[in-house]
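Enquirer: For any residue, its number in our numbering is found by taking its place in the sequence shown, counting from 1, and adding 1.
The beta carbon of each residue, even a glycine, is placed where N, CA and C say it ideally should be.
Source: prediction; values computed, not measured.
Here it is, the structure, as structure tokens.
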Amino acid sequence: MEGYGDQPGIIPNSFKHVFDKVAISKNKRILVRASYLEIYNEEIRDLLSKDPKNALDLKENADSGVYVKGLTAQVVKDAAEIDHVMQTGKKNRSEDELRRTKLELEERKRQELTLARELAEQEESNLMREEKYQSLQEEAEAKARKLKKVYTKVKEVLGDIKAMEKAHSREREDLLDTIRQLTAQLKLKSLALDYFMPPEAVVLLEARARWNDEEDDFTLDRLELAGNTLRPRQRPPSASSVRRPETSSSDKSRAKKFVMTPQNDDEDDEIARAEELELARNPFFMYVSDNEGDGYAPAASRKKQSTSSSSRPKTAKKSSSKSSSKRPETASSKRRSQKAHA
């Protein structure tokens, strides 16, 4: 655009052409003004002003058309002056470019320093994260090992608990069976005691009984005047003045056999004792089958029930009390009946 040495470019030739035209027109007076501006990053800058940093505004007028507000304009007389104006603008432009370049370099340096600082901080944070990750990984491995140990212990404890629960359930069932057996025995003994011992005797025994700390048991005073130590009472004489012998089928002998039966461990003795107990129980207990269930009941209470039931109005259906109150035949009774027939 500007040319080289002896070969001027488009701009110097255009300046020369303008002033040649001005020189030809003798009857006219022409005023030439020169301005030098730059458009950079969509900003208009005046290169002939003292402060080329200030950006100018582009305006439009109906008379003059489009113009730049505040643009510096210098009056020139020939091509040398306009060339001087152009060189001054170029100098300001180069200085401005140099200044912008310095600013850009400084900005880049600041950015590089900032980036270097951020990079160092990032590397430091990465190192810290790696160390923390390694420490967390080691901690997680240690906790995993502890959890495995705790889990094995928990499994062992659960197994022990299950075994203890099974043992407890077995013991509970055994205890319940024992309680049922003892309850049945207690009911049987209570029935026997209620039948053989009147309530008045029980009240007298409870009144006379005293607790002995040395023997750790209840004791009765003046036992020599009670029980078997007394002389047996004489029976009233019969009509023929002959004392009747006491038979084994009497209630007294049966009660004695029932109460004073010795305890033996022999199986045959146990069978014999069961038969004797059954024989002693026959006069006082009856086998009953009713709505409440099957079992033995005192004969006196059964008689009361039969009398109370007889007071009710009879229906068309016959009562099955005789068949229900009949005790089932046992092995011992069968043997006795066979011997009697023989």
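Can you find at least 3 beta carbon pairs, one from the segment 124–133 and one from the segment 58–73, that sit closer than 8 Å?
Expert: These segments do not touch.
Enquirer: With H, G and I counted as helix, E and B as strand and the rest as coil, what does DSSP make of N55?
Expert: Coil.
Enquirer: Just tell me which of S50, G71, D52, K51 has its CA closest to the CA of K60.
Expert: Checked all of S50, G71, D52, K51; the closest Cα to K60 is G71.
Enquirer: Under a Cβ-count criterion, where at least 16 other Cβ atoms within 10 Å of its own Cβ denotes burial, should I25 be classed as buried or exposed?
Expert: Exposed is the call here.
Enquirer: Measure the alpha-carbon distance for T89 versus N62 and round it to whole angstroms.
Expert: The straight-line gap from Cα to Cα measures roughly 29 Å.
Enquirer: In three-state DSSP terms, what is N213?
Expert: Correct three-state label for N213: strand.
Enquirer: Kindly indicate which three-state DSSP category L205 falls into: helix, strand or coil?
Expert: Here L205 sits in helix by DSSP.
Enquirer: For D178, which of helix, strand or coil comes out of DSSP?
Expert: Looking at D178 - three-state DSSP - the assignment turns out to be helix.
Enquirer: Residues in the same chain with beta-carbon distance under 8 Å from T115, minus the five sequence neighbours each way, listed in chain order, please.
Expert: None.
Enquirer: For L46, count neighbouring Cβ atoms within 10 angstroms of its own Cβ and tell me buried if that reaches 16, exposed if not.
Expert: Looking at the sequence provided, one finds Arg at residue 46 rather than Leu. By the neighbour-count rule (16 or more Cβ atoms within 10 Å), R46 is buried.
Enquirer: Would DSSP call A74 helix, strand or coil?
Expert: Three-state result, A74: coil.
Enquirer: Tell me, please, whether the segment 72–92 touches the segment 29–37 by the rule of three or more beta-carbon pairs shorter than 8 Å.
Expert: At 8 Å Cβ cutoff, the stretches touch.
Enquirer: Indicate the three-state DSSP secondary structure (helix, strand or coil) for Y37 in the structure shown.
Expert: It is coil, neither helix nor strand.
Enquirer: For the beta strand (DSSP E) that contains D218, what are its first and last residues?
Expert: Here the beta strand (DSSP E) through D218 covers 218–221.
Enquirer: What is the rounded straight-line gap between the Cα of A273 and the Cα of K188?
Expert: A273 and K188: Cα-Cα distance of roughly 22 Å.
Enquirer: Got a sec? Which residues, its chain only, sit under 8 Å from D79 by beta carbon, not counting five neighbours each side?
Expert: Excluding sequence neighbours, D79 sits near F20.
Enquirer: Starting from the C-beta of G160, find all residues in its chain whose C-beta is less than 8 Å away, skip the five residues before and the five after it, and write them out in chain order.
Expert: Correct list: empty, nothing qualifies.
Enquirer: In this structure, does DSSP put I25 in helix, strand or coil?
Expert: Here I25 sits in helix by DSSP.
Enquirer: Taking all protein chains shown into account, decide if N93 is buried (16 or more other Cβ within 10 angstroms of its Cβ) or exposed.
Expert: Buried.
Enquirer: Can you give the Cα-Cα distance for K190 and K163, rounded to whole angstroms?
Expert: Looking at the two C-alpha atoms, the distance is approximately 40 Å.
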